Amino acid sequence: MMFVRISGALAALLLASGIACAQGAKPTDPQIAHIAYTAGQLDIEAAQQALQKSKNKEVRDFATNMETDHKAVNDKALALVKKLNVKPEDNDTSKAMTKQAAEKRAELAKLSGAAFDKAYIDNEVAYHKAVNGALEKTLIPSASNGELKDLLTTGLKIFQGHEQHAEHVAADLK
Amino acid sequence: MRIEKLGFTPAQVSAHVGDTIEWVNADFIAHTATARNGAWDVMIPANAKRSVVLKADGTVDYYCKLHPNMTGSVSVAK
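Protein chains in written order, with my numbering: chain R, 22 to 195; chain U, 45 to 122.
Below, the structure is given as structure tokens:
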């Protein structure tokens, strides 16, 4: 898969639309489970960096909730794939997301104070927008198993909430 | 009242001053019930219930601070 260096948010949005193209056909349930789990795990890691670096209460509260909520959803996802005997399958999309997140964390590592806070929150808005778009347009419609579809749908509502929460914090940081 | 799949159910309720409103959180994540006018701000952990006494009359719009896509309102009569 060709990987072009563009601004973070734009790359994230292209990623979201590229999921279907990258796989050729629609993603399978094992791939969908892996993508959803990875998306959550990456947001947990971003939150952990924010909790190490940020001194802003609103940002810290947001990051704490990212960690808690995504862990809760991922625990549910793990329990479900175990119950369904589905083995999450690594794929180009998960790999690209993981690489991009590592690059963003390296970028954020160089910042501190208000600059870090703004960059972290702005990325959280963009990231949640991209993941939510992928869930809505590709992952949920492509999911074959009904329970997986249900969990992804609940996840989407939670993550839409995260997007709005991040937007509130972004507005307060201005 | 119930919180389920990121929704306050029912979305609109009526009560009287002095009534207690209780939220039962059936979701596996925590939510808040935060009055937009600052009257109350309740944290409801996953699979738990919390309540608040309605001390003032009027309509209070509220939302979840963590998931602002969740909204509800309480109309409190004297």
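Glycine included, C-beta positions come from ideal geometry on N, C-alpha and C.
None of the values given here were measured: they were computed from a predicted structure.
Within 10 angstroms of its Cβ, does A100/U collect 16 or more other Cβ (buried), or is it exposed?
Flag for A100/U reads exposed.
Which runs of the alpha helix (DSSP H) at least 4 residues long sit entirely within the stretch 52 to 123 of chain R? Give them in chain order.
Complete alpha helix (DSSP H) runs here, min 4: 78 to 105.
Kindly indicate if chain U contains any beta-carbon less than 8 Å away from that of G154/R.
G154/R does not count as touching chain U.
For N113/U, decide whether its Cβ has a neighbour in chain R, counting only Cβ atoms nearer than 8 Å.
Output row for N113/U: interface = yes.
Just checking my contact of D138/R with N86/R at CB under 8 Å: how many whole Å lie between their CB atoms?
Going by Cβ atoms, the distance from D138/R to N86/R rounds to 15 Å, so no, they are not a contact pair.
Quick one: Cα of V80/R to Cα of Y148/R, how far?
Answer to the nearest angstrom: the Cα atoms are 16 Å apart.
Can you tell me whether E145/R is buried or exposed, with buried defined as 16 or more other CB within 10 angstroms of its CB?
Answer is buried; the Cβ neighbour count reaches 16.
According to DSSP, simplified to helix, strand and coil, what is F72/U?
In this structure, F72/U counts as coil in the three-state DSSP scheme.
May I ask which residues mark the beginning and end of the beta strand (DSSP E) holding H60/U?
Q56 to H60 is the extent of the beta strand (DSSP E) around H60/U.
In chain U, which residues lie with their C-beta within 7 Å of the C-beta of I161/R?
Under the 7 Å cutoff, chain U gives no residues; its nearest Cβ is about 14 Å from I161/R.
Mind pulling the chain R residues with CB within less than 9 Å of F72/U?
The contacting residues are A93, V94, D96, K97 and T175.
Using the C-alpha atoms, what's the distance from M87/U back to E124/R?
C-alpha separation (whole angstroms): 35 Å.
So what does M87/U bridge to, in DSSP terms?
For M87/U, which the question treats as bridged, DSSP gives the partners T76/U.
Between the Cα of A54/R and those of A84/R, A127/R, T89/R and V94/R, spot the shortest distance and give me the residue it belongs to.
For the residues A84/R, A127/R, T89/R and V94/R, the minimum Cα distance to A54/R belongs to V94/R.
Can you name the residues of chain U whose CB is closer than 8 Å to the CB of G182/R?
Those within 8 Å of G182/R in chain U are L50, C108, L110, H111, P112, N113 and M114.
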